[in-house]
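For reference, the structure discussed in these notes is given below.
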Amino acid sequence: MRRIFGSRPTRFERGDAVRLKTALPANGLERGMVGTISEVRRTKLPSYDVQFLNASGVVGRSVVDETDLMPADGRRFDDNDVVRLRRDVPSEGLATGTVGIVSEVSPGPPVRYIVEFVNASGAVIARSALFDDDLASPDEAPESDAGAPSDGGSGDAPEETGLADDQLDQLIAELRTQGQAMQQQSAQEQAAQEQSAQAGPPSPQAETPARQVEPPVQEPDEPSGVVDDAPPSDGRITKFVRGDAVRLNAAPPSAGFEAGAEGTVTWVILGQPVAYLVEFRNASGGTGPPTKVEEPYLSFAR
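In terms of full-length UniProt numbering, the sequence shown opens at residue 1 and continues consecutively.
Take a look at the structure:
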């Protein structure tokens, strides 16, 4: 992360080479176009004046949000981008068309991506290291869709991903929204850390009032239905975030757990309603696979 004017963090600064992650038809810009940052704008979500280039020089100048840009270092995809497999990965049990989200990029060469793949319920089923040739954007057709039979036959049918088209579209939309939210949250956390660092330690002359110890309050048992407890006021955009300890208020359909089960949030899935991947603890103290649970069924574990 970079800083401008000593406060707000930004990912890029003047002179950086960047590439468009998404097409911007209103500006006449296509995905993959390369440009140079000419100015950094201090907005709620940072944006940049970018001069886009081709072989003959500058072809246009546009203001572009930070979430629409990535470094022009040879990568095709960026952190938190949604991707699809272009071919089977038998070693991981993954089929062509399986949807995932990029969690890490190693510039290389060759560029390598760490991708987390999910199933229809949003649970992470694999985490794989892959390369450009293995991946496509969600709106690109997998290789098995593009191939035509050479001998007049019907050709091979594309691999099944286990998701209907509408389910796949919804999952891709949720992952894209989640990726943008993670970028925003990271920027907010960085800004908060910088403000704390600038404030410095408290003055030695300042007196810290003694903390009053109150007797414990006996709380009534929670009902088996939905509990509405307020989230902490720490700037988070969802009630829970990764790492939060949570508890089931009621057993959601087909969750496989009873009310009162406790676990840890490992992933946030934005939507209506917001949902989470939770690793629940079992009787032996271990954890099971991540389970998708909608927000109304959860409260903070005590």
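We put the beta carbon where it would ideally sit given N, CA and C, even for glycine.
Model, not experiment: these values are computed from the prediction.
Collapsed DSSP secondary structure at residue i in the structure displayed
i, result
"A283", "coil"
"E294", "strand"
"S150", "Its pLDDT being 39, under 50, S150 is placed unreliably by the model, and the measurement read from it follows with that caveat. Looking at S150 - three-state DSSP - the assignment turns out to be coil, as it is neither helix nor strand."
"V246", "strand"
C-beta atoms of residue i and residue j nearer than 8 Å
i, j, result
"E66", "P46", "yes"
"V50", "V64", "yes"
"G74", "G32", "no"
"V265", "G243", "yes"
"I37", "R14", "yes"
"A17", "A95", "no"
Nearest-angstrom Cβ-Cβ length linking residue i and residue j, presumed shorter than 8 Å
i, j, result
"V268", "T238", "6 Å"
"E262", "A245", "7 Å"
"P138", "V82", "5 Å"
"V102", "N80", "6 Å"
"L53", "G28", "That belief does not hold up - the Cβ atoms of L53 and G28 are roughly 14 Å apart, past 8 Å."
Proximity to residue i [Cα-Cα], best of the options
i, options, result
"D134", "E92, V124 and N119", "E92"
"D68", "S106, R19, G97 and G28", "R19"
"L298", "V274, A136 and G288", "V274"
"Y113", "V293, G60, N119 and D78", "D78"
"L248", "I125, I101, G28 and V293", "V293"
"A123", "G100, G271 and F52", "G100"
"P289", "F300, A301, E295 and Y276", "Y276"
"residue 305", "S121, S128 and N80", "It is not possible to answer for residue 305, since the shown part of the chain is limited to 1 through 302."
"P110", "V118, L94, S121 and F131", "F131"
"T98", "A136, A251 and R302", "A136"
"L270", "F240, I125 and R302", "F240"
"A283", "G260, A251 and F300", "G260"
Cβ-heavy atom distance, residue i to the ligand ADP, below 7 Å
i, result
"G60", "No copy of the ligand ADP appears in this structure; indeed no ligand is present at all."
List, from N- to C-terminal side, the beta strand (DSSP E) runs of 3 residues or more that fit wholly inside the stretch 26-106.
34-41, 47-54, 57-65, 69-71, 82-85 and 99-106
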